[in-house]
Each structure stands twice: as structure tokens, then as C-alpha cells.
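Encoded as C-alpha cells, the structure appears first; notes follow it.
Residue numbers (the working numbering), protein chains in the order written: chain F, 1 to 250; chain A, 1001 to 1250.
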């Protein structure tokens, strides 16, 4: 089973690491960015090329969503599987006569971050049973949590992840902005942030909700609004408080 | 130094635990809810009363924000310190002739959750230097992170905490709602949520931002909007994406 990774970003880096760590040989890493390819090549002892795409049984297209279609066209081979790694785009975004698949790791990847790959859910999708066996078996080499998810389901998984990850991170960024303006070290908030996240391992977030909105504490809500001068931050404040009240029918 | 806790909620429970754990004797726990008082009394070997408030040097008023004023009136003694534990209300909400103080632990408390109190920041405020020494010394018995914060500063700390904790938890609740509707187990999202939180220990959340809004990926943003049918959830989606774009000037 020959595997090739296409791309040199965070996902390519972490798949290279996850596969080699788990005894799955990667035959080549292919892409345009020579500097990044060289790094991945050295880190995980994988040959790289910016010129000639090697022959493989499975190609993983690890590029940004909007480039998947175009990049996938470089694979002219028919008797192979090509999988993209995106949560947001359809399997049919891949353009070619090969078997099309999706290999979507539900995680946020930064290059230099050590991750426990075995805990990362992999959502896979394929266009035939044989491909499914191969793609599932590769996912299981990395992770204990492998599940099937078609385009429709994967879009909802991705949407959920946007709320649970991208949006929460933006709230951290806005929180830090407020703290910075008042010269309050943001580190003070880390134990609170950790505990908030830890809590939902043990109870539903709906049950865990605290704060002035769920107490319908109008005087605190009013006082807070007077502290906020940025209209975008104020909009977040009123929108989320409104949504909290709606969820609990206050 | 005689200490009395007033209240029987989560904050009273955890202060009782934190003080006794660190060798600070609590002379009494006083309140209205006999069932809860009895539990705290048994767990931490503290005498309780629903009738007669004992004599102390320092009283901690651990009740909900809107009750602080009224509850604080039961303390008739003058030569003592009375501290409330709220982030949101002024020190002057306390009504009496005693020395007024604030003893605000920046953490979210659930009754049965084991916490590392030494890592919790305590923000204190007092109306004179002698009280400050006493309150600071009590805070330092519990925590390594004790800082002064007057009413104005504490309000901003509380506002920041609302963004970083209450609002992120609500996003988890809305994310779970989306996942539940699609019969996607929410547990799948926990490694992603943990990693998102873990990341900001190592880099600024502004740097850590990922997702379709910061990539200005209009096709994914449009596709997501079509998946959302609840107007409150859609409002959150558009408001946060707009705020992300504004922060990065996209």
C-alpha cells in the first residue's frame, strides 16, 4: 500500500507525523512550497518533490478547501483512491477518474503542537466498499475513533466544530482584548477557561451554564453594556445573552 | 482570627473547603437553607446555624449578587470586616458600619467538582489598609495568585470572564444542540474543544484563530448559513463571523 501526501500545511505535517508514528510508510510528500516540504521531509524521513508526483495507491489531498478541486486534477491515475481532508467540502469536489474519498480529522492543527492522534475522531467517506475498507483501515492505524460520515453529515460536524472551536477561540480573543485594554493579565483567566472546558466532560453544557444572562440579572447586564464601547463587541454581548435567555425560556 | 461564612451555595461550599484545607478555621456557616448548610457542615466539620449569626472578625457574604445588600444588613457588629465574593457588584453594596471588602475568586464553581484552589486568582478590595492586610493574608492562605482590584477594575474582570467562560459555554451548548439534532455524539468534539483551550496557553487567541471566517471562505460561510434553521443560532453565526472579519480587517 503506497501512500502519498499532497500539501505542505498543518494537516499534511500532522498526517505525515501520525502515519509514520504508527508504522504506515509515506512514499512521498508532494507540493509547491519547497521550504515547508523540506521540513516535513526531514522531520519524518519522507522523500519530497515539487515536480513529479509519484505513483501511489492512496493520495491524500491536504490543501485548503478552495484548492482541492484544482490540485486533485494533477492525479491522472485511475486505479487509486484520492481522499481530501476537509470537513466543509463535498467528496465530489475531487476531479478525476479515481475512487473519491474523504479523510476528515476533527481537530485543530498547529504545526509545532504535539497531539495524541489516537483520540482524534476521523470521519471517512468513500464511493465504494473496497475503498472504504482501505481508508477505514488507514484511519484506524492512527485513531481509535473512526466513523463514517457522508457529505451532509460531515457538513454538520464541521458547523458544530465552528461553534465549539472557531467561535470560542474568537471569544477568547475578544476577552483578551478587553483585558488588555484594562491592563489585566490574560493569564488570570486561564484557570477559569480550563475549568469551563473541563466541566463539559462531566455534564451537559446546557446544565453547566452560569453568568448574568441565565440568572436574568438585569442590573449586571446593563452595567456590562455600559462598559463596552466597541459596537462589534456589544453586538456579541447582546446576541449571546439573547440566545442564552431563549435557550432557557427566560 | 474568627471567620464566618454566610450562604450555602457553590461559593460558600468551595470557600469552606478551601479554608479548612489550608488550616484556616471557619467558626460557623450561616444561612437559610438548612439542608445545604448541614451538608457543608458535615463535609468540612464546621458548626452551622440558620438562626443565630455568631461573632467573628471576618464575615464572607457568599450569596447571589442581588441579595448581598439585604443579607449584609444582618451583621450589626462594627469592629469587623465584611467581604462579599462577587465580581459584578460594588464594594459599597454592603450595608453596615463595618469595614467593607471584596474577596472575588475568578473561577466557576460546581458543588462536587474538585478544584486546585492554589491556582485560582483572588481579586481583593478593602476600605482601609488594616483590612487589606487581613483579607490579603486570608486569600494567600488559599491561592498563589492574589491581586488588588477596585470596583471599576473588577467589573472589567467580570466582563472578560463572561466572554471567556459564560459565552463559550453557551457556544458549547448551541454546538451540542446542532450535533444532537443530527445524532452526532457530542463526545466527538471534546478533543477539539480541549485542544482549542490548550492552544491559548501557548499562543495568543488572536494568533490561534482558524475557521472559514478568517479565511474569508465565502462558499463555506454561505453553505453553513443554509444548514442553520434556528434564527437565534443564525444570529450568533453571522455576528461572530462579522466580528472575526472586523478583528482581522478582512
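Using N, Cα and C, we set each Cβ at its ideal position, and we do this for glycine too.
Distance between beta carbons of residue j and residue i, contact taken as under 8 Å
i                       : j                       : result
residue 1082 of chain A : residue 1065 of chain A : With a Cβ gap of about 15 Å, residue 1082 of chain A and residue 1065 of chain A do not count as contacting.
residue 4 of chain F    : residue 56 of chain F   : 4 Å
residue 87 of chain F   : residue 104 of chain F  : 5 Å
residue 989 of chain A  : residue 1106 of chain A : As displayed, chain A neither begins before 1001 nor continues past 1250, which places residue 989 of chain A out of reach and without an answer.
residue 240 of chain F  : residue 1178 of chain A : Contact flag wrong, Cβ pair sits at about 16 Å.
residue 122 of chain F  : residue 101 of chain F  : Contact flag wrong, Cβ pair sits at about 12 Å.
residue 193 of chain F  : residue 1165 of chain A : 7 Å
residue 111 of chain F  : residue 13 of chain F   : 5 Å
Three-state secondary structure (DSSP) of residue i
i                       : result
residue 67 of chain F   : helix
residue 83 of chain F   : strand
residue 1107 of chain A : coil
residue 45 of chain F   : coil
residue 102 of chain F  : strand
residue 234 of chain F  : helix
residue 1029 of chain A : strand
residue 1058 of chain A : strand
residue 1115 of chain A : coil
residue 1191 of chain A : helix
residue 1077 of chain A : coil
residue 1095 of chain A : coil
residue 1022 of chain A : coil
residue 240 of chain F  : helix
residue 131 of chain F  : helix
residue 89 of chain F   : coil
residue 1182 of chain A : coil
residue 1051 of chain A : coil
residue 15 of chain F   : helix
residue 250 of chain F  : coil
residue 120 of chain F  : coil
Strand pairing of residue i, partner residues [DSSP]
i                       : result
residue 1228 of chain A : The partner list for residue 1228 of chain A (beta bridge, DSSP) is empty, contrary to what the question assumes.
residue 125 of chain F  : F:102
residue 5 of chain F    : F:29, F:60
Residue i CB to nearest heavy atom of the ligand ZN below 6 Å
i                       : result
residue 1187 of chain A : Absence of the ligand ZN is noted for the structure shown, with no ligands found whatsoever.
Proximal residues of chain A, C-beta to C-beta of residue i below 9 Å
i                      : result
residue 47 of chain F  : Correct list: empty, because the minimum Cβ distance to chain A is about 29 Å.
residue 192 of chain F : 1106, 1107, 1108, 1120, 1121, 1161, 1164, 1165
residue 142 of chain F : Per Cβ cutoff of 9 Å: no residues; residue 142 of chain F is ~13 Å from chain A at best.
residue 208 of chain F : 1108, 1110, 1169, 1172, 1173
Contacts that residue i makes with chain F (C-beta to C-beta distance below 7 Å)
i                       : result
residue 1211 of chain A : 162, 166
residue 1139 of chain A : Chain F residues near residue 1139 of chain A: none, gap ~14 Å exceeds 7 Å.
residue 1182 of chain A : 153, 156
residue 1122 of chain A : What residue 1122 of chain A touches in chain F: nothing, since even the nearest Cβ is about 10 Å away.
residue 1247 of chain A : 173
residue 1239 of chain A : 235, 236, 239
Within chain F, partners of residue i - CB distance below 9 Å
i                       : result
residue 1196 of chain A : 108, 164, 165, 166, 168, 169, 172, 197
residue 1072 of chain A : Residues of chain F passing the Cβ test: none, with the nearest at roughly 16 Å.
Under 7 Å by beta carbon: chain A residues contacting residue i
i                      : result
residue 220 of chain F : 1065, 1088
residue 135 of chain F : None at all; the shortest Cβ gap to chain A is about 18 Å.
residue 217 of chain F : 1065, 1066
Neighbouring residues, chain F, relative to residue i (Cβ below 8 Å)
i                       : result
residue 1242 of chain A : 232, 235
residue 1059 of chain A : Neighbours of residue 1059 of chain A on chain F: none; closest Cβ ~23 Å, over 8 Å.
residue 1145 of chain A : 188
residue 1227 of chain A : 155, 156, 159
Contacts of residue i in chain A (Cβ-Cβ under 8 Å)
i                      : result
residue 223 of chain F : 1088, 1155
residue 178 of chain F : 1156, 1159, 1160, 1163
residue 85 of chain F  : Per Cβ cutoff of 8 Å: no residues; residue 85 of chain F is ~14 Å from chain A at best.
residue 201 of chain F : 1190
Per-residue contacts from residue i into chain C (C-beta, under 8 Å)
i                       : result
residue 1114 of chain A : The structure shown contains no chain C; its protein chains are F and A.
In chain order, what are the residue ranges of uninterrupted alpha helix (DSSP H) at least 4 long that sit wholly in the stretch 196-220 of chain F?
205-208
Quick one: which unbroken alpha helix (DSSP H) runs of 4-plus residues sit fully inside the stretch 141-173 of chain F? Chain order, please.
151-161
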